[in-house]
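Input: a single structure, listed below in structure tokens.
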Amino acid sequence: MSSPRYVVKEDEVTFTAMRAQGAGGQNVNKVSSAIHLRFDIAASSLPDWLRERLLGLNDQRISKEGVLVIKAQQYRTQEQNRADALLRLQALIDGASHTPKARRATKPTYGSKQRRLAGKSQRAAIKSLRGRVID
1 MSSPRYVVKE DEVTFTAMRA QGAGGQNVNK VSSAIHLRFD IAASSLPDWL
51 RERLLGLNDQ RISKEGVLVI KAQQYRTQEQ NRADALLRLQ ALIDGASHTP
101 KARRATKPTY GSKQRRLAGK SQRAAIKSLR GRVID
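All letters in the sequence shown, in the order written, are residues 1 to 135 by full-length UniProt numbering.
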């Protein structure tokens, strides 16, 4: 069973167009093709537990005020960068909504212990041969 997908509404996201960095040919200094996406996590319609998990992420794109800022400038057109920013936002939300599977504690097997000890003794034998040779 997969977790339900939480979709962000368009009115909760603000887009700002700006000039992109890097190569762009003749249009690099005249066309605002890069997109700044701003998403206020605290004021969103996402469930409380998901908002807490998003705010708890140690992500440098989330400000102290709880605003997520994504900068998209990979493509040369504003529409493609806008779609890329929305995809990255959705990927972040999907990743935060996934609950990690609980780890079940297990003991190492007898064979793995034997292999580890054999490797250690083999390494010790190699190191003992590095000593001074007495005639």
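Backbone N, C-alpha and C fix where the C-beta goes; we use that ideal spot for every residue, glycine too. None of these values were measured; they are calculated from a predicted model.
Proximity below 9 Å, CB of residue i to CB of residue j
i, j, result
"ARG88", "ALA72", "yes"
"GLY39", "GLU12", "According to the sequence displayed, residue 39 carries Phe and not Gly. Yes."
"TYR6", "ILE70", "no"
"SER32", "GLN78", "yes"
Cβ neighbour criterion (16 or more within 10 Å) applied to residue i
i, result
"TYR58", "Just to set this straight, residue 58 is Asn in the shown sequence, not Tyr. ASN58 is exposed by the Cβ-count criterion."
"LEU117", "exposed"
"MET1", "In this prediction, MET1 has a pLDDT of 42, which is less than 50 and means its spatial position is unreliable; what the coordinates show is noted afterwards. Counting Cβ neighbours within 10 Å, MET1 comes out exposed, since fewer than 16 surround it."
"ILE41", "buried"
"LEU54", "buried"
"ILE126", "exposed"
"LEU129", "exposed"
"ALA85", "buried"
"SER44", "buried"
"ARG82", "buried"
"ALA91", "exposed"
"residue 165", "Since the first residue of the chain shown is 1 and the last is 135, residue 165 is not available in this structure."
"ALA124", "exposed"
"ALA96", "buried"
Rounded distance between the beta-carbons of residue j and residue i, thought under 8 Å
i, j, result
"ARG19", "ALA34", "6 Å"
"LEU37", "PHE15", "6 Å"
Task: Residue ranges of each alpha helix (DSSP H) within the region 39-107, 4 or longer - done: Entirely contained in the region 39-107, the alpha helix (DSSP H) runs reaching 4 residues are, in chain order, 48-56, 78-97.
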